[in-house]
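Okay, so here's the structure we're looking at.
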RNA sequence: CGGAGAGUGGUGUAACGGUAGCACGAGUCCUUUGGGAGGAUUUAGUUCGGGUUCAAAUCCCGACUCUCCGACCA
């Protein structure tokens, strides 16, 4: 894409009403815009990153047998009454609305009830299970206090997967497969080294212990105790001697860290399937409960966590797989000759499937470099009179200082 | 929800109760082009509603909004 065509602009100053690093950098670089507290728009660059994250998750969910659906935002209270969750005392962060006639509706908060109810229509026999259903869907939560930029908001895109298994064993097997899948997702999105599976409390979803995925960051809301060698952590909320022992951890090896909850996986048992009448008959014609699990990742929060982990004083440093573009091609000076050469490099890269942001703007070199640092695309190619004299360009990685001088004909092989 | 702080051009900031100023941005023209260039010129602002006062961005009351700490967090 031509940067001159990009409607967003970078900001030199940090917005005074944002303290969190993720929102400061994302707003300054033009990835997002604040609509109001806890409600952010994704602008072209931000949407590109969001879509990259979505696609990574989609690939991994499909890999483990997930079937993608898209459930509605408006929800039928009848289903929620069956599980007792329509009650404001049970779930206190619903946004609810009414039809003109006064009929109450829910605005998507989570989807256990509607997805389970959907399966009642299709799943009748043990032969129809297991089933794994997921979606990318906007969730609305009436948070009393939003915070941490885009990490705790009232409207956000979530990947939620629901598993329906015949037995506890079958469920547990999938639960572990999904945990592995999450580890892959966090690795691919660039935060694998600082993200840990974490024992946590289930809250109102489930009575027992659950698993979270926590990313070490000063911007986090949680406190966890991590055994880095074992890649396992325990959330402060369930940090008891009993649990430490139960999971084979050693108190002396646990390090306390602040962290961001980027994902979670919950055993749900048959709480929802029983309440909504999702049953199957087994081989002997005996009616059986369906064992469920749910598995969530907040895409915006993950995006924010990536920025919190990968930035420096100049701006964002995108991990390769989630960067809005693969390459930032920066032309300095605006002569015919440079424009022509840059255009050729741009077209050549596009032809080989490399995504390029081409800074063709008539701006000073300093401003272009500052913008490139702020936007944070991992590879920068600079073309100027100076490099053109040697029939070359400069290639620089965002997180490194050193430059590489490369012949124009060799650009493609040098950015792999 | 409890507590604290803050609302001034698009952005960032200044102004004792007494002329709303500066920087960046944006527009036009010229000169520039390797780390947010220079000159000329133009543009645009006190969150809202009351009150005190000769006079309010400034003091008081209320509303709204934002941020932070806490609580909460499926």
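In our numbering, the protein residues as written are -7 to 408.
Note that CB positions come from ideal geometry on N, CA and C, so glycine has one too.
For residue j and residue i, believed in contact at Cβ under 8 Å, the rounded distance
{"i": "residue 2", "j": "residue 363", "result": "5 Å"}
{"i": "residue 99", "j": "residue 132", "result": "5 Å"}
{"i": "residue 124", "j": "residue 56", "result": "7 Å"}
{"i": "residue 303", "j": "residue 351", "result": "About 20 Å separates the two Cβ atoms, so there is no contact after all."}
{"i": "residue 111", "j": "residue 156", "result": "6 Å"}
Enclosing alpha helix (DSSP H) for residue i [first to last residue]
{"i": "residue 178", "result": "160 to 180"}
{"i": "residue 263", "result": "263 to 268"}
{"i": "residue 53", "result": "36 to 55"}
{"i": "residue 62", "result": "That residue, residue 62, is in no alpha helix (DSSP H); it is neither H nor E in DSSP."}
{"i": "residue 75", "result": "69 to 75"}
{"i": "residue 358", "result": "357 to 367"}
{"i": "residue 153", "result": "Element bounds for residue 153: not the alpha helix (DSSP H) but the beta strand (DSSP E), 147 to 157."}
{"i": "residue 403", "result": "403 to 406"}
{"i": "residue 214", "result": "Taken as a continuous stretch (DSSP letters only), residue 214 belongs to no alpha helix (DSSP H), being part of the beta strand (DSSP E) at 214 to 219."}
{"i": "residue 110", "result": "104 to 112"}
{"i": "residue 273", "result": "Taken as a continuous stretch (DSSP letters only), residue 273 belongs to no alpha helix (DSSP H), being part of the beta strand (DSSP E) at 271 to 273."}
{"i": "residue 344", "result": "Looking at the DSSP string, residue 344 is not in any alpha helix (DSSP H), and its letter there is neither H nor E."}
Buried versus exposed call for residue i [16 or more other C-beta atoms within 10 Å across all chains shown]
{"i": "residue 28", "result": "exposed"}
{"i": "residue 101", "result": "buried"}
{"i": "residue 221", "result": "exposed"}
{"i": "residue 130", "result": "exposed"}
{"i": "residue 374", "result": "buried"}
{"i": "residue 268", "result": "buried"}
{"i": "residue 89", "result": "exposed"}
{"i": "residue 188", "result": "buried"}
{"i": "residue 256", "result": "buried"}
{"i": "residue 381", "result": "exposed"}
{"i": "residue 316", "result": "buried"}
{"i": "residue 104", "result": "buried"}
{"i": "residue 345", "result": "exposed"}
{"i": "residue 378", "result": "exposed"}
{"i": "residue 7", "result": "exposed"}
{"i": "residue 95", "result": "exposed"}
{"i": "residue 217", "result": "buried"}
{"i": "residue 182", "result": "buried"}
{"i": "residue 232", "result": "exposed"}
Limits of the unbroken beta strand (DSSP E) element including residue i
{"i": "residue 227", "result": "224 to 227"}
{"i": "residue 2", "result": "Element bounds for residue 2: n/a, residue is neither H nor E."}
{"i": "residue 203", "result": "201 to 208"}
{"i": "residue 129", "result": "123 to 132"}
{"i": "residue 279", "result": "279 to 281"}
{"i": "residue 233", "result": "First-last for residue 233: 233 to 238, but that is the alpha helix (DSSP H), not the beta strand (DSSP E)."}
{"i": "residue 323", "result": "319 to 323"}
{"i": "residue 409", "result": "The chain is shown only over -7 to 408; residue 409 falls outside these bounds and no answer can be derived."}
{"i": "residue 27", "result": "24 to 28"}
{"i": "residue 386", "result": "384 to 389"}
{"i": "residue 193", "result": "187 to 193"}
Nearest-angstrom Cα separation, counted from residue j out to residue i
{"i": "residue 406", "j": "residue 398", "result": "8 Å"}
{"i": "residue 335", "j": "residue 322", "result": "11 Å"}
{"i": "residue 170", "j": "residue 73", "result": "30 Å"}
{"i": "residue 359", "j": "residue 403", "result": "24 Å"}
{"i": "residue 301", "j": "residue 276", "result": "54 Å"}
{"i": "residue 387", "j": "residue 284", "result": "50 Å"}
{"i": "residue 177", "j": "residue 152", "result": "14 Å"}
{"i": "residue 45", "j": "residue 164", "result": "26 Å"}
{"i": "residue 58", "j": "residue 286", "result": "12 Å"}
{"i": "residue 147", "j": "residue 87", "result": "10 Å"}
{"i": "residue 389", "j": "residue 331", "result": "22 Å"}
{"i": "residue 64", "j": "residue 91", "result": "16 Å"}
{"i": "residue 52", "j": "residue 310", "result": "20 Å"}
{"i": "residue 204", "j": "residue 252", "result": "10 Å"}
{"i": "residue 47", "j": "residue 39", "result": "12 Å"}
{"i": "residue 340", "j": "residue 273", "result": "60 Å"}
{"i": "residue 210", "j": "residue 145", "result": "18 Å"}
{"i": "residue 248", "j": "residue 208", "result": "10 Å"}
{"i": "residue 265", "j": "residue 347", "result": "45 Å"}
{"i": "residue 329", "j": "residue 376", "result": "10 Å"}
{"i": "residue 121", "j": "residue 280", "result": "12 Å"}
{"i": "residue 271", "j": "residue 282", "result": "6 Å"}
{"i": "residue 42", "j": "residue 31", "result": "15 Å"}
{"i": "residue 75", "j": "residue 193", "result": "20 Å"}
{"i": "residue 82", "j": "residue 134", "result": "14 Å"}
{"i": "residue 313", "j": "residue 278", "result": "48 Å"}
{"i": "residue 71", "j": "residue 113", "result": "14 Å"}
{"i": "residue 34", "j": "residue 23", "result": "6 Å"}
Worksheet item: If we count Cβ pairs, one from each stretch, closer than 8 Å, do we get three or more for the stretch 222 to 234 versus the stretch 157 to 167?
Response: When C-beta atoms of the stretch 222 to 234 are compared with those of the stretch 157 to 167, fewer than three pairs fall below 8 Å, so the two segments do not count as touching.
Worksheet item: Contact between the stretch 4 to 17 and the stretch 138 to 145: three or more CB pairs below 8 Å?
Response: With a cut-off of 8 Å, the stretch 138 to 145 and the stretch 4 to 17 count as touching, because enough Cβ pairs lie within range.
Worksheet item: Does the stretch 290 to 299 come close enough to the stretch 323 to 334 to have 3 or more Cβ pairs within less than 8 Å?
Response: Output reads no: the stretch 323 to 334 does not touch the stretch 290 to 299.
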